[in-house]
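Numbering (the working numbering), first residue to last: 1 to 178.
Below: one structure, written as structure tokens.
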């Protein structure tokens, strides 16, 4: 009977060991599953952080490059515009000088219908007053002259002077200083 009791104990012991082994396998499986899940979570977190870090770096790099390119384009545009402004200023200056020279010389042109000796340059708001016939001793009329070149038109001040003259709102005064 001893033999059978020993064999029963032995068989219980074997069953016990089998149960322990099965439990250990289950625990190992659970631990392995948790470790794998934890590793996947860590990897996903790292992957997301790394993606964000690289994305942020790329965006900063792209912004920096875009800013450098924008500054270069702005500098080029500014230089071109300054050059255009200078050229326009030179053209305008030449036009103004040409106009002023023409204003001063117009009495000596053949198209000027009056004796140059009768013309007096004023400059502003009109260019000349012509005392028609004064140099010959017989004043016929006073003529107010504004010289224009090209397609330029009268300024508002010049138009107001022309209006007053047309309305004959003109008078002669002698002012004496004692």
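Note that the Cβ used here is the ideal one computed from N, Cα and C, for glycine as well.
Nearest-angstrom Cα distance between residue 65 and residue 53? Within the chain shown, the letter at position 65 stands for residue 65. Within the chain shown, the letter at position 53 stands for residue 53. If you take the alpha carbons of residue 65 and residue 53, they lie about 18 Å apart.
What is the C-beta distance between residue 262 and residue 120, in whole angstroms, given that I count them as a contact (C-beta under 8 Å)? Look at the range of the chain in this structure, 1 to 178, and you will see that residue 262 is not part of it.
Does the distance from the C-beta atom of residue 99 to that of residue 151 stay below 7 Å? Against the chain shown, residue 99 aligns to sequence position 99. Against the chain shown, residue 151 aligns to sequence position 151. Not in contact: residue 99 and residue 151 (Cβ atoms no closer than 7 Å).
Take every Cβ of the segment 139 to 148, pair it with every Cβ of the segment 110 to 126, and state whether three or more of those distances are shorter than 8 Å. Yes, since at least three Cβ pairs between the segment 139 to 148 and the segment 110 to 126 fall closer than 8 Å, the two stretches touch.
First and last residue of the beta strand (DSSP E) that includes residue 120? The residue labelled residue 120 in the question sits at position 120 within the chain shown. Unbroken beta strand (DSSP E) run through residue 120: 119 to 121.
Can you round the beta-carbon distance between residue 103 and residue 127 to whole angstroms, since I take them to be within the 8 Å contact cut? Position 103 of the chain shown, counting from 1, holds the residue named residue 103. Position 127 of the chain shown, counting from 1, holds the residue named residue 127. Yes, they are in contact, since the Cβ atoms of residue 103 and residue 127 sit about 5 Å apart, within 8 Å.
Residue 117 and residue 138 closer than 7 Å at C-beta: Within the chain shown, the letter at position 117 stands for residue 117. Within the chain shown, the letter at position 138 stands for residue 138. In this structure, residue 138 does not lie closer than 7 Å to residue 117 by Cβ.
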